[in-house]
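Only one structure is covered here, and it is reproduced in the block below.
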Amino acid sequence: MTRKEAIELVKKYVKKNNLVKHMIATGVVMKHLARHFKEDENLWEIAGILHDIDYEKTYDKPEKHGLVSIEILKKEGVDDPRIHDAIRAHCGKKERVTLMEKCIYAADPVTGFIVACALMHPSKKLRGLDLKFLKKRFKEKRFAAGASREQMRSIEEVGLSLDDFLSKSLVAMQEIAEELGL
23 MTRKEAIELV KKYVKKNNLV KHMIATGVVM KHLARHFKED ENLWEIAGIL
73 HDIDYEKTYD KPEKHGLVSI EILKKEGVDD PRIHDAIRAH CGKKERVTLM
123 EKCIYAADPV TGFIVACALM HPSKKLRGLD LKFLKKRFKE KRFAAGASRE
173 QMRSIEEVGL SLDDFLSKSL VAMQEIAEEL GL
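Counting with my numbering, you get residues 23 to 204 for the letters of the sequence shown.
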């Protein structure tokens, strides 16, 4: 599956533009993490793009989130168990075992956190952000409270420091800033 095909599939099931952008952002962060770890960039990006494909169907049924995604993907012919496992792991429906599973768990909240930082920055752009700005906001518990700091810090399980993770995630998202509208 290509990036374009994954985005088209997401748009078939997800109508909220901000959610689509979140999924695209998670995909690009995953791609950059795959590059860092010398893993399959396309596979990781596709997993990131598809990770919330069921969100609009399950937002009021969190116990089904991720599981409905697998049903959708199987119906659509996306049968790669690595993608299925990463999706289940990102929302706690599977123990995080593989490198990809651990990375997607941390990547999911970091994209929302970085978007919130951009929106409160005077420039309102990803290009205006740097690590110092992100770290200052990271320490503010009430800022972007929905972006779990613990989940983002879990990246340390794979040997990446929080600073490196935030930097890599920001660079990744800046790469597609226009597509994200930021």
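Glycine is no exception: its CB is placed at the ideal position from the N, C-alpha and C atoms.
Within its own chain, the residues whose Cβ lies closer than 6 Å to the Cβ of I109, once the five positions on either side in sequence are excluded, are H73, G88 and S91, listed in chain order. For a cut-off of 8 Å, the C-beta gap from A69 to M122 is around 6 Å, short enough to register as a contact.
Membership of I94 in the alpha helix (DSSP H) is indicated by the continuous run L89 to K97. Taking all protein chains shown into account, V119 has fewer than 16 neighbouring C-beta atoms within 10 Å of its C-beta and is therefore exposed. When C-beta atoms of the segment 132 to 146 are compared with those of the segment 73 to 82, fewer than three pairs fall below 8 Å, so the two segments do not count as touching. Assignment of R164 by DSSP, reduced to helix, strand and coil, places it in the coil class. For Y77, same chain residues with a beta-carbon under 8 Å away, outside a window of 5 residues either side, are V36, L41 and H87 in chain order. With a cutoff of 8 Å on beta-carbon distance, M195 and L188 are scored as not near each other. In this structure, M52 is the residue among M52, M23 and K38 with its C-alpha nearest to the C-alpha of A129. Under the DSSP assignment, C113 falls outside any alpha helix (DSSP H); it carries neither an H nor an E label. In terms of CA proximity to K115, E85 leads the group V137, K96, E85 and T133. When the Cα atoms are used, E197 and V180 turn out to be separated by approximately 24 Å.
Unbroken alpha helix (DSSP H) stretches of 4 residues or longer found wholly inside the segment 26 to 98: 39 to 59, 63 to 72, 77 to 80 and 89 to 97, given in chain order. Going by beta carbons, L95 and H106 fall inside the 8 Å limit. In the DSSP annotation of this structure, the continuous segment of the alpha helix (DSSP H) that includes A128 starts and ends at L121 to M142.
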